[in-house]
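Participant: Here it is, the structure in full.
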Amino acid sequence: MSIDIDDDIPTATESWGDYWREMRDSFQVYRWTISELVAHESWPHIRRMFGFLCAMTAISALQPWTGSYIVNGLVTHNASMLRFGLATLGMCLMGKLLANRYRCAEREIVLGENMGRIDVRTTELFLGKSLGQHLHEGDTLSAANVERGRSSVILVQNLLLFDGLQVLLELTLCYMCLWFISVEASIVMSALLVIHVLWMFFFNANINRVCVPIERGFRAMNRYRADRWQHVERVKACGMEVHETRAVATKFRGLIGPDRDFWIWVNDRALWRGMGNYVALAVVTVYGSWKVWNGLWEVGILFPLFTWTGFMVENLWRVSFIEQQLNWNAPSVRSMKRALTLQSTVEDGNVELPASPDGVHVRFENVECSYPDQDGNAAPVLSGITLDIPPHAKVALLGRSGSGKTTLMRLLLRARDPAKGRVLVNGIDLRRLRLASWLKHVGYIAQQPQVFDGTVRDNLLYGTNPGDWPDDALWGLMRRLRVDFGNRLSSGLDTRVGRGGLRLSGGQAQRLMIGAAVARKPWFMAIDEATSSLDSSTERDVQRGLEQALDGAVGALTVTHRLSTVRDTHDLFVVLRSAAEVQPGETQIEAVGHSFEELYAASPTFRELADDQGIIMRTTHSSTLTAISPV
């Protein structure tokens, strides 16, 4: 089986212009990791850490100079020079230890604050996108993309704030100090700097050309493997264990070969760059020795000369390593940034939904909605929908798959805004409302149970005020809704249900979600195919819970394919046809009725659905079929 390649990794660069453009893009990514994901509380500590780092680096640069006094004192038998050198060396060592101690303390504070900021800010940005974006832009806006980028962001921040700062400071100070000793030695090291920069560009251009496609392959393989692990039940049931193991091994061998060959090639070329370092050191050493031999320098000056030159060579290696690590982590961070910086398609309003003792009146007014098709063209999903849901009314949306039922219901949750028309709640356009002031009064039951890894109590009380639900009241709610877990409720309300409700059956998980929706004490219920994946026996149990949930002064909009689940619990039925069948000026609503019998007589779509599901019509009574027209 083929493994799809990730499409969120940039393609390999083919020219220097491409490389420079990617460098600029990478710079924007790195700047985002600092400006957006470094905690505001960290900056005072970063400044103090930088101050201690400057002190420590300056002392390190000064330390070889003190060594020259020791050497010259020994050579000339000058006791005062020797004592001065030893004393200043001791002070340098002590000062360096103290500066490093405080630098490390500030560093730990910065690390902790930044890790918290990354978790909080990425969660805020991820949850700040509209429900529609999470549902329809999953390739970009996915938890996997954000999670892959998180560890890379931490590494990039550490490289830039800690390792990178230290390397640049040491390199700069040593380079400046060399100019005070010898212009000639400084010129040699300047040439070495230029060579390293050119080699860095050369290596990284090849890294992008060769390694980016390999990285795409590795990420695709990781996604493939995770998918098979997640759906292990299907793999085991099909007896595909050996096949999947071989598939992963084959893909890995196909990727690791080119990867290994490239890095062996890099190491071979790096040998020549290393020889350049040694040549520069040799030139400086010979030059310094010649100056001492001819009496132009004191012998002690060789100590700082060799030390600063060695520091420069060492830090040039570290700069190359840091730049390489930044390039390797840039794709994951770039993917994360792309996901988290998507512009939200829903802008929150500022009007609070006022209290409504008489219930909620919902109105869809000439609503139209579309999604892009495979060619990027707008494909209509909803067209000309005008529908009133009076307070406390229970409305069921019926129709074939693809007729827009779930899309219409999700407009009520403001997963997205309609392309045309309005959704009104008690006469207020949903766009004007502060969304949380509306959603806190909505009980939503999804098609697949959204069970969290926690206890029964945690799941029931999610999104509620826990003080409103003492244990006795929760037990009463569970009994009323027939939320029965049998012997699985081993620790009462504190029983852990496992990730995704793993320890519950499908029916138990769905009934738990019904209980959670009712515990919110909603004014309105939005129910999306709550029994679609259940067997008939479990469906009956869940249906009894739904009947109790809808009992009383609560409105509801329910999407269903199984007609029997809404027949006796809803008082208004709306049949939708496909938007593709709607002519200009027509409504997508085929019929509205208060009973199945009315719809059976008037709606071809309903008649087909009812016959397919074996729904028996009851005694015919006078028709009160509601004609639909824009109001």
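When we follow numbering that gives the first Met the number 0, the leftmost residue of the sequence shown carries the number 0, and every step to the right adds one.
Cβ coordinates follow ideal geometry from the N, Cα and C atoms, glycine included.
Within the continuous alpha helix (DSSP H) that includes glutamate 169, where are the two ends?
Facilitator: As a working note, residue 169 is residue 170 in the sequence shown. Start and end: 163-180.
Participant: On the CB-based measure, 16 or more other CB atoms within 10 Å of its CB, does methionine 93 come out buried or exposed?
Facilitator: Residue 93 sits at position 94 when you count from the first residue of the sequence shown. It counts as exposed.
Participant: Can you round the beta-carbon distance between leucine 304 and valine 282 to whole angstroms, since I take them to be within the 8 Å contact cut?
Facilitator: Locating residue 304 in the sequence shown gives position 305, where the first residue counts as 1. Locating residue 282 in the sequence shown gives position 283, where the first residue counts as 1. That pair is no contact at about 12 Å.
Participant: Taking the continuous alpha helix (DSSP H) assigned at glycine 72, which residues delimit it?
Facilitator: Along the sequence shown, read from residue 1 onward, the residue named residue 72 stands at position 73. Residues 41-75.
Participant: According to DSSP, is alanine 11 helix, strand or coil?
Facilitator: Here residue 11 is taken as the residue at index 12 of the sequence shown, counted from 1. Per-residue confidence for alanine 11 stands at a pLDDT of 46, beneath the threshold of 50, marking its modelled position as unreliable; the derived number appears in the next sentence. Reduced to three states, the DSSP call for alanine 11 is coil.
Participant: So, for arginine 102: in the same chain, excluding its five sequence neighbours on each side, which residues have a beta-carbon less than 8 Å away from its beta-carbon?
Facilitator: The sequence position of residue 102 within the sequence shown is 103, counting from 1. Taken in chain order, the residues that qualify are Met48, Phe51, Leu52 and Met55.
Participant: Answer yes or no: do arginine 362 and leucine 386 have a C-beta to C-beta separation smaller than 9 Å?
Facilitator: Against the sequence shown, residue 362 aligns to sequence position 363. Against the sequence shown, residue 386 aligns to sequence position 387. Yes, they are a contact pair.
Participant: List the whole-angstrom C-beta distance separating tryptophan 474 from alanine 518, where the pair is believed to meet the contact cut-off of C-beta under 8 Å.
Facilitator: Numbered from its first residue, the sequence shown carries residue 474 at position 475. Numbered from its first residue, the sequence shown carries residue 518 at position 519. About 12 Å; that fails the 8 Å criterion.
Participant: Under 9 Å, do asparagine 99 and glycine 84 count as touching if we go by C-beta distance?
Facilitator: To locate residue 99, count along the sequence shown from 1; it is residue 100. To locate residue 84, count along the sequence shown from 1; it is residue 85. Their beta carbons are not under 9 Å apart, which means asparagine 99 does not touch glycine 84 by this criterion.
Participant: For arginine 333, which residues in the same chain have their Cβ closer than 6 Å to its Cβ, ignoring the five residues on either side in sequence?
Facilitator: As a position in the sequence shown, residue 333 is number 334, starting the count at 1. Here the set comprises Val28.
Participant: If you reduce the DSSP assignment to three classes, tell me which class leucine 124 lands in.
Facilitator: Here residue 124 corresponds to residue number 125 of the sequence shown, with the count starting at 1. Here leucine 124 sits in helix by DSSP.
Participant: Measuring only the C-alpha atoms, how far is threonine 564 from glutamine 542?
Facilitator: Here residue 564 refers to the residue found at position 565 when the sequence shown is read from its first residue. Here residue 542 refers to the residue found at position 543 when the sequence shown is read from its first residue. Their backbone Cα atoms lie some 7 Å apart in a straight line.
Participant: Note the first and the last residue of the continuous alpha helix (DSSP H) segment covering proline 521.
Facilitator: Taking the sequence shown and counting its residues from 1, one reaches residue 521 at position 522. Careful: proline 521 lies outside any alpha helix (DSSP H) and carries neither H nor E.
Participant: Spatial neighbours of histidine 44 within its chain, please: CB distance less than 6 Å, with the 5 preceding and 5 following residues excluded, ordered by chain position.
Facilitator: Taking the first residue of the sequence shown as position 1, residue 44 is located at position 45. Glu105, Ile108 and Val109, listed in sequence order.
Participant: Kindly indicate the opening and closing residues of the alpha helix (DSSP H) around valine 278.
Facilitator: Within the sequence shown, numbered from 1, the residue matching residue 278 stands at position 279. Where valine 278 is concerned, the enclosing alpha helix (DSSP H) stretches over 240-292.
Participant: Pick from Asn113, Gln324 and His39: whose alpha carbon is nearest that of isoleucine 153?
Facilitator: Your numbering for residue 153 matches position 154 in the sequence shown. The shortest Cα separation from isoleucine 153 among Asn113, Gln324 and His39 belongs to Asn113.
Participant: So the beta strand (DSSP E) valine 366 belongs to, where does it begin and stop?
Facilitator: Sequence index remark: in the sequence shown, residue 366 carries index 367 (1-based). Element bounds for valine 366: 361-371.
Participant: Note down, one range per segment and in chain order, each alpha helix (DSSP H) of at least 4 residues found wholly within the segment 409-496.
Facilitator: As far as the segment 409-496 is concerned, its whole alpha helix (DSSP H) runs of at least 4 residues are 434-438, 455-459 and 470-479.
Participant: Assign leucine 386 to one of three DSSP states: helix, strand, or coil.
Facilitator: Here residue 386 refers to the residue found at position 387 of the sequence shown. It is a strand residue.
Participant: Between which residues of its own chain and arginine 566 is the CB-CB distance below 7 Å, once the five residues before and five after are set aside?
Facilitator: Here residue 566 refers to the residue found at position 567 of the sequence shown. For arginine 566, where only same-chain residues beyond five positions count, the Cβ hits under 7 Å are Phe595.
Participant: Mind checking which residues open and close the alpha helix (DSSP H) that includes glutamate 146?
Facilitator: Residue 146 sits at position 147 when you count from the first residue of the sequence shown. Segment 142-157, the alpha helix (DSSP H) holding glutamate 146.
Participant: Note the first and the last residue of the continuous alpha helix (DSSP H) segment covering isoleucine 321.
Facilitator: By 1-based counting over the sequence shown, the position of residue 321 is 322. Element bounds for isoleucine 321: 301-339.
Participant: With distances taken from CA atoms, which of Arg481, Ile321 and Val441 is nearest threonine 463?
Facilitator: Mapped onto the sequence shown, residue 463 falls at position 464. For the residues Arg481, Ile321 and Val441, the minimum Cα distance to threonine 463 belongs to Val441.
Participant: Glycine 216 by DSSP, collapsed to three states: which one?
Facilitator: Position 217 of the sequence shown, counted from the start, is the residue given in the question as residue 216. Residue state, collapsed to three classes: helix.
Participant: Measuring only the C-alpha atoms, how far is leucine 81 from isoleucine 300?
Facilitator: Stepping through the sequence shown from its first residue, residue 81 is reached at position 82. Stepping through the sequence shown from its first residue, residue 300 is reached at position 301. Near 14 Å, if we compare the C-alpha coordinates of isoleucine 300 and leucine 81.
Participant: From this set, Lys520, Glu322 and Asp493, which residue's C-alpha is nearest aspartate 162's C-alpha?
Facilitator: As a working note, residue 162 is residue 163 in the sequence shown. Among Lys520, Glu322 and Asp493, the Cα nearest to that of aspartate 162 belongs to Glu322.
Participant: So, at 6 Å on beta carbons, what are the nonlocal neighbours of alanine 600 in its own chain, with the 5 sequence-adjacent residues on each side left out?
Facilitator: Translated into positions along the sequence shown, residue 600 becomes position 601. Nothing listed; no residue qualifies.
Participant: Which residues share a DSSP beta bridge with lysine 636?
Facilitator: Given a span of 0 to 630 for the chain in the structure shown, any question on residue 636 remains unanswerable.
Participant: Using three-state DSSP, classify leucine 549 as helix, strand or coil.
Facilitator: Here residue 549 refers to the residue found at position 550 of the sequence shown. In the structure shown, leucine 549 sits in coil (DSSP, three-state: anything other than H, G, I, E or B).
Participant: Span of the alpha helix (DSSP H) holding glutamate 596?
Facilitator: Residue mapping note: residue 596 aligns to position 597 of the sequence shown, counting from 1. First-last of the alpha helix (DSSP H) with glutamate 596: 595-601.
Participant: In angstroms, rounded to a whole number, what distance separates the CA positions of phenylalanine 310 and arginine 120?
Facilitator: Against the sequence shown, residue 310 aligns to sequence position 311. Against the sequence shown, residue 120 aligns to sequence position 121. Those two C-alpha atoms are separated by around 39 Å.
Participant: For valine 380, collect the residues of the same chain with a Cβ closer than 7 Å to its Cβ; drop the 5 residues on either side in sequence, then sort them by chain order.
Facilitator: As a position in the sequence shown, residue 380 is number 381, starting the count at 1. For valine 380, where only same-chain residues beyond five positions count, the Cβ hits under 7 Å are Cys368, Ser369, Tyr370, Gly403, Thr406 and Ala578.
Participant: Checking 9 Å against the spacing of the C-beta atoms, do alanine 555 and valine 394 come in under that value?
Facilitator: Here residue 555 refers to the residue found at position 556 of the sequence shown. Here residue 394 refers to the residue found at position 395 of the sequence shown. The answer is yes: Cβ separation under 9 Å.
Participant: Rounded to the nearest angstrom, how far is the Cβ of valine 591 from that of leucine 571, given a contact under 8 Å?
Facilitator: Residue 591 sits at position 592 when you count from the first residue of the sequence shown. Residue 571 sits at position 572 when you count from the first residue of the sequence shown. With 8 Å as the limit, valine 591 and leucine 571 qualify as a contact, their Cβ atoms being about 7 Å apart.
Participant: Looking only at its chain, what residues have a beta carbon closer than 6 Å to the beta carbon of serine 436, apart from the 5 residues adjacent to it on each side?
Facilitator: The count along the sequence shown starts at 1 and reaches residue 436 at position 437. Correct list, in chain order: Glu351 and Leu352.
Participant: Helix or strand or just coil, what does DSSP make of glycine 592?
Facilitator: In the sequence shown, counting from the first residue as 1, residue 592 sits at position 593. If DSSP states are grouped into helix, strand and coil, glycine 592 belongs with the strands.
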